[in-house]
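Before any comments, here is the structure.
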Amino acid sequence: IKTPQLTSQPASWCKVEALALRSDLVSVIKDLPPPPLTVMSISLKTVQNPRTHHNEIVSLAALIHYQFHMDKAPPQPPHQTHFCVISKPADCIFPYDFNEAVRKKNGK
Numbered sequence: 001i002k003t004p005q006l007t008s009q010p011a012s013w014c015k016v017e018a019l020a021l022r023s024d025l026v027s028v029i030k031d032l033p034p035p036p037l038t039v040m041s042i043s044l045k046t047v048q049n050p051r052t053h054h055n056e057i058v059s060l061a062a063l064i065h066y067q068f069h070m071d072k073a074p075p076q077p078p079h080q081t082h083f084c085v086i087s088k089p090a091d092c093i094f095p096y097d098f099n100e101a102v103r104k105k106n107g108k
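Per the UniProt record's numbering, the sequence shown starts with residue 1, numbered consecutively.
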């Protein structure tokens with residue numbers, strides 16, 4: 001893109017958005033492989049609060065790969081890092097031995 005103009009009203013979640021005022025200012029580069037992506041797979045677990053009838057997130061687990069190539073076979077292992085976050089519903093408490101049980105499973 002020649003002489004790109006930064007947009008004042010973003011249309012996406014991209015860090016930087018540019019605008020080409022005319023189509024002849026854009027040139028297409030051919031035979032360039034697609035860049036590797038950072039990919040995250042997320043799993044959420046929710047429970048319904050019986051008092052408010054709203055769903056509350058009680059756990060989130062994620063698998064992340066930082067160099068995922070879209071034009072190649074899936075990488076092995078399929079993820080480079082992972083994490084899990086647990087929260088309790090607003091009007092509940094964790095079991096008394098919860099921290100000890102998590103520590104035994106190599107949790108933090």
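C-beta: ideal position from N, C-alpha, C; glycine also.
Residue from the options with nearest C-alpha to residue i
i          : options            : result
residue 48 : 103, 71, 91 and 23 : 91
residue 37 : 74, 82, 85 and 17  : 74
residue 26 : 39, 57 and 3       : 3
residue 72 : 1, 33, 18 and 9    : 33
residue 57 : 66, 86, 39 and 78  : 86
residue 89 : 41, 67, 83 and 53  : 53
residue 83 : 98, 28, 40 and 100 : 40
Helix, strand or coil at residue i [DSSP, three-state]
i          : result
residue 49 : coil
residue 43 : strand
residue 94 : coil
Alpha-carbon to alpha-carbon, residue j and residue i
i          : j          : result
residue 31 : residue 5  : 26 Å
residue 93 : residue 69 : 43 Å
Supposed close pair residue i, residue j - CB separation, criterion 8 Å
i          : j          : result
residue 76 : residue 64 : With a Cβ gap of about 15 Å, residue 76 and residue 64 do not count as contacting.
residue 19 : residue 7  : 5 Å
Meets three-Cβ-pair contact criterion under 8 Å: the region 42-57 and the region 5-18: no
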